[in-house]
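Numbering follows this note's numbering, with no gaps: position 8 of the sequence shown is 1398.
We treat Cβ as the ideally placed atom computed from N, Cα and C, and that holds for glycine.
Report on one structure; see the data block that follows.
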Amino acid sequence: MTLQFHCALPLPPESPYSFAPNTVGCFSTGKQIHEGRHEQIVEVWSAPGPIGGEENKDPEWRKKSALLVTATQIALSVNIGRMKTGIKAKPESKI
1391 MTLQFHCALP LPPESPYSFA PNTVGCFSTG KQIHEGRHEQ IVEVWSAPGP IGGEENKDPE
1451 WRKKSALLVT ATQIALSVNI GRMKTGIKAK PESKI
C-alpha cells in the first residue's frame, strides 16, 4: 500500500480551497488488472462544509475542494482449488 500526502489541514486563510474541520470526502475506485490482481485507489478530498450543513450550498464546491491524500493498494486473489493441488508449502526454516 502506498500513501501520498498532497496537502495538510488546516488550509491557510488565503487558500482558494474550502474545507470543513471535521468532514472529508472519499472517492474510491477498484479494478481487476490481470489474473486475480486487483488495484484499489482511494482519494481523500476536503469538504466545503459539515455533512448535511446548509451554510455551504456553493455550486462551485468541487472546484474549491483540495486533494489531501491518495492511497493505492494492489492485491492478489488466488483460487483455493489451485492452492490445494498445485502449490506445496515451504519447508520449515532451521534458523
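Within the segment 1391-1449, the complete beta strand (DSSP E) segments at least 3 residues long are 1392-1395, 1414-1424 and 1427-1436, listed from N- to C-terminus. With distances taken between CA atoms, S1418 lies nearest to V1459 out of V1459, E1425 and K1453. As DSSP reads the structure, V1468 sits in no beta bridge.
The bridge partners DSSP lists for L1457 are W1435. The C-beta distance from E1429 to I1470 rounds to 22 Å, too long to fall under 8 Å, and the pair is not in contact.
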